[in-house]
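Residues in the sequence shown are numbered from 152 upward in steps of one, following this note's numbering.
Beta carbons are placed, not taken as given, at the ideal position from N, Cα and C, and that holds for glycine.
Contents: one structure, followed by commentary.
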Amino acid sequence: MFRKIGIVIGICIAALVALAAFGLILSRPLSDERLREIGVIESDSLFVDVDGVRTRYITQGEGHETIVFIHGFSSSLYTWRACLEAIAKHYRVYALDLKGFGFSEKPPSEYTTDEYAEFVVHFMDAVGLKTATLCGNSMGGQIAWRIALQYPDRVDKLILVDAGGYPSSRRGLPFFVKLAKLPGIGEALGAFTSRDRIRSSVESAYYDDSKVTQQTVDAYYYSLKTEGAMHAVLARLRGSWSEQKAWVPRIPELKVPTLIIWGENDTWIPLEDGERFHKDIPGSKLVVLRDCGHVPQEEKPGEFLAHVLEFLSEHEGSTPEERILIDGTIPDHTEPPVSVLSV
C-alpha cells in the first residue's frame, strides 16, 4: 500500500519537474533590448551597480529633502509611477527595483529582509544619499522599518504603506501563490506564468479590480519574464521568517516621524497589522482609506498623495494646502478616509 503511494508521489514529482523544465525551454527570458522595445523599461530608467547587481532606478525632482520609494513582493518601481511626478515638484525622489525584482538583475540569493535592508542602504550610497525618507509598500515597508532600526542615522522619516512585518494567520495571498511555495509545484507554475494569472493576482490586491489596467498587468508580467525572476520569487516565498520575527519586538524602538497608510479592505495584509504598527510606533499617524486594497498608491493615488504630502509638509513648515494643491494633479476627495489617528 505505502509502496504504491510512494510510487505515485514519485511519478507526480517527476512529472512536475519535467513540466517545469519543458516550460522553461518554451519561456526564455527576455533581453533588456526587447523589453525596451515593448516599452516596459521606460526611457527614464537608469542603472547603477549595487553590490555587483545591476540595479534599475529612476529619479526626479529637486529639493533639500529626498524620498526613496521601495516596492513590494514581485513588484517594481512601476507601482509608484502615478505618484512620483507630483511629489517630485517639491522633493527629490528615487524609486528602485530591488534586486531579484522588476528589471534589476536577479542573482542566486536567499532574498532575506536582512539582505534587502543592506541592499537599499548600499543603493543610497551608490547614488550619493546620506539620508532619506523611506516610503515602502508591503515587503518594501518591511524593509523600510528594518532599515530605520538597523541604520537609524540614514532615515529621516518613514512612510509605511500596508507594510509587512507581523506574523499573521489572515494573509490573503492568492491560492496559486501559496501553492508555489511547494517544491516542484512552484517551478511548474512559474514556467507557465500567463497574463491571466498575473491579472488575477493583481486584482486580488485591489478592492476595485476594475481599476487594474492592461498596462499594470504588463508591468508585473514582463518583470517575471526576465532571467532569474522565478528563482527570486520562489526564494523569497520559501524563505524562513525566523530572522524577521526577531525584529518585531524592536518596532517600538522606532524614533523617526512615521506615517502609516492602509487600505481598509486589504486582504493580503489585514488592517489589524496597520493598527498594530500604529500602537507600537511612538508618535505615529495612521490613515485608513475606504474602498481600498493592498496597494493604495495604485488604487487610490490621489488620496495617497494628499496624505503623503501633508505628512511631509508638517515637518517643513509649509502648509498642507501648499503641498496638496499641485496644478490639479491630485483628484478631489469624494470619499474621506475612514480614520486619521495620531498618538
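- Cβ neighbours of V219 within its own chain (closer than 6 Å, five residues either side excluded): Y245, A283, L285.
- Within 10 angstroms of the beta-carbon of A370 lie 16 or more other beta-carbons, which makes it buried.
- Beta-carbon to beta-carbon, G379 and K257 are separated by about 3 Å, close enough to satisfy the 8 Å threshold.
- In this structure, V446 sits near S289, with a CB-CB distance shorter than 9 Å.
- In the three-state scheme derived from DSSP, where H, G and I count as helix and E and B as strand, V219 is classed as strand.
- In terms of CA proximity to A397, T264 leads the group T418, S260, T264.
- In this structure, the alpha-carbon of A233 lies about 7 Å from that of E449.
- When secondary structure is reduced to three states using DSSP, A246 falls in the strand class.
- Between L247 and Y208, the gap from beta carbon to beta carbon is short of 9 Å.
- For the options Y317, G453, Y358, Q395, the alpha carbon positioned closest to that of K430 is the one of Y317.
- Contact check between the region 404-416 and the region 305-313: three or more CB pairs, one atom from each, fall below 8 Å, which counts as touching.
- For Y372, the enclosing alpha helix (DSSP H) covers residues 365-374.
- Within the DSSP bridge table, the entry for Q211 names V244 as partners.
- Within the region 433-468, the complete beta strand (DSSP E) segments of 3 residues or longer fall at 436-440, listed in chain order.
- For the 9 Å CB-CB criterion, S260 and R205 do not form a contact.
- DSSP lists no beta-bridge partner residue for C234.
- I294 sits in a helix when the DSSP states are folded into three classes.
- Residue pairing of T206 in beta bridges, as defined by DSSP: V199.
- Its chain contains V368, Y371, Y372 as the residues whose beta carbon lies nearer than 6 Å to that of I349, once the 5 sequence neighbours on both sides are disregarded; these appear in chain order.
- For A277, the CB contacts under 6 Å within the same chain, skipping 5 residues up- and downstream, are V199, V201 in chain order.
- Going by C-alpha positions, I192 is about 13 Å away from T230.
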